[in-house]
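*Asks:* The following block contains the structure, expressed as structure tokens.
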Amino acid sequence: MATSHSLKLLLEHARKQTDDAAINLGKLNFKQQEAEKTLRLLIEYRENYQVQFTESAGNGVTPTEWRNFKAFICKLDTAIQAQQNLVAVTQQHTEAGSMQYHHQRKKLKSYDTLSQRAKLHYQLRLQKQEQHQLDEHTSHTLSKRPKNVE
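Listed below in structure tokens is the structure:
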């Protein structure tokens with residue numbers, strides 16, 4: 000049955016695409032989590048650095064120390080902003096990967112449904128053929144029987 004073979008190939012291909020999409024989504028989720036983790040670490044580091052500097056500033060700071068502090072905080076803020084941008088990009092990629100995965104699952108489910116229907120249709124056709132053969136056999140057997148003459 001050619002359509003059955005074609006459908007089987009489509010189903011196998013859809014399964015592979017779904018598996019690939021799931022693997023890709025897992026990788027995208029991992030990248031997003033790592034980007035978020037790095038962002039949290041940068042923010043935490045900035046907060047801790049600022050607290051430490053504020054505590055030590057109570058004893059007085061030189062203009063050079065103040066400039067260095069401001070420059071470092073500025074660099075941290077730039078790094079935090081860049082990391083926030085990266086987090087936003089990874090979230091978009093993860094959402095796109097999720098949509099792709101759901102699309103592939105939907106396609107797989109459609110092909111699976113078609114495959115199940117084709118199998119059912121084939122089984123019904125076989126049952127009808129068997130019933131037809133049985134009916135012919137019964138009819139043939141009955142026609143060969145001698146008729147009771149009354």
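Each residue of the sequence shown is one higher than the last, beginning at 0 in numbering that gives the first Met the number 0. Glycine included, C-beta positions come from ideal geometry on N, C-alpha and C.
Does the Cβ-Cβ distance between leucine 41 and alanine 78 come in under 8 Å?
*Replies:* Going by C-beta atoms, leucine 41 is nearer than 8 Å to alanine 78.
*Asks:* Once the 5 residues before and after arginine 14 are set aside, which same chain residues still bring their CB inside 8 Å of it?
*Replies:* For arginine 14, where only same-chain residues beyond five positions count, the Cβ hits under 8 Å are Leu107.
*Asks:* Could you pull out every residue in the same chain whose Cβ sits closer than 6 Å to the Cβ of leucine 27, ignoring the five residues on either side in sequence?
*Replies:* Only His92, Thr93 and Gly96 meet the Cβ criterion.
*Asks:* Grab me the residues of leucine 113's own chain with a C-beta within less than 7 Å of its C-beta, minus the 5 sequence neighbours each way, in chain order.
*Replies:* Excluding residues within five positions, the ones whose Cβ falls inside 7 Å are Leu6.
*Asks:* Could you have a look at asparagine 23 and say whether DSSP puts it in helix, strand or coil?
*Replies:* It is helical.
*Asks:* Quick check: the Cα distance between glutamine 49 and isoleucine 72, rounded to an integer number of angstroms?
*Replies:* Between glutamine 49 and isoleucine 72, the C-alpha separation is close to 8 Å.
*Asks:* Tell me whether the beta-carbon of alanine 34 lies closer than 8 Å to the beta-carbon of leucine 75.
*Replies:* No, Cβ-Cβ distance for alanine 34 and leucine 75 is not below 8 Å.
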